[in-house]
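Numbering-wise, the sequence shown is residues 1 to 188 according to the UniProt record's numbering.
Glycine is no exception: its CB is placed at the ideal position from the N, C-alpha and C atoms.
One structure below.
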Amino acid sequence: MSSYKLENFIEALIFASERGISVDEIQQVMEEAQIKKLNAPIIIEMVETIRKKYVSLDLALELVFINGGYQFLTRKEYYPVVNQLQIQRSKKRLSQAALETLAIVAYKQPITKLEIEQIRGVNCDYTVHKLLEKELISIMGKADTVGKPILYGTSSVFMDYFGINSTEDLPQLTDLQTENNSIGEQAD
1 MSSYKLENFI
11 EALIFASERG
21 ISVDEIQQVM
31 EEAQIKKLNA
41 PIIIEMVETI
51 RKKYVSLDLA
61 LELVFINGGY
71 QFLTRKEYYP
81 VVNQLQIQRS
91 KKRLSQAALE
101 TLAIVAYKQP
111 ITKLEIEQIR
121 GVNCDYTVHK
131 LLEKELISIM
141 GKADTVGKPI
151 LYGTSSVFMD
161 YFGINSTEDL
171 PQLTDLQTEN
181 NSIGEQAD
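Spelled out as structure tokens, the structure:
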């Protein structure tokens, strides 16, 4: 098998790995897949050839060695567009419960989880955890009440997500309320 073909196998392994892949892991997978038994210096040499290929072709990805493993990363100059994609995808993944909880935090911040639960009427541990994970809310501190519960508020990611500069840009609650007209009454 040509070294070019072996490099393609190594490139595919690095690309498919969710995290950095070490030389030992590459060596083990190549051997277990019965591709070819390669020693560490050969693998390192092939990885370096792959890295140089990405540099010379001026591609959007770069091959880097981080924390004991090789991985492909987007080059820094492409971060803004990739970040925008992540924001768009993140928008699509908010459940109704997450949106409700986020609205409560946005309008009532700083707020404790207990206060959120009292407003929503249901447990919100999972939802708050997911919003923290997505960095849409953040821990603002602790309340000066019994037990010192954690206070939550919106984050800068929240502002980016909704395209606003501050929570003052949110629609006022009065703007969102509709008039309550009885059936048969003429609306103004």
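Pairwise C-alpha distance: residue j and residue i
i	j	result
residue 134	residue 153	13 Å
residue 141	residue 2	60 Å
residue 103	residue 159	12 Å
residue 68	residue 31	20 Å
residue 72	residue 150	38 Å
residue 106	residue 127	14 Å
residue 157	residue 54	32 Å
residue 24	residue 42	12 Å
residue 84	residue 75	15 Å
residue 121	residue 166	28 Å
residue 7	residue 47	7 Å
residue 56	residue 13	21 Å
Status (buried if at least 16 other CB within 10 Å, exposed otherwise) for residue i
i	result
residue 155	buried
residue 66	exposed
Cβ-based neighbour list, residue i, same chain, cut-off 6 Å, excluding 5 preceding and 5 following
i	result
residue 11	50
residue 139	150
Option nearest residue i by Cα separation, candidates the options
i	options	result
residue 77	61, 85, 34, 68	61
residue 28	40, 18, 19	40
residue 45	170, 57, 70, 164	70
residue 5	93, 35, 19, 165	35
Cutoff 8 Å; reference residue i; Cβ partners in own chain excluding five residues on either side
i	result
residue 124	97, 101, 113, 116, 117
Chain-order list of residues whose beta-carbon lies under 7 Å from that of residue i (same chain, five-residue window excluded)
i	result
residue 20	66, 67, 68, 69, 70, 71
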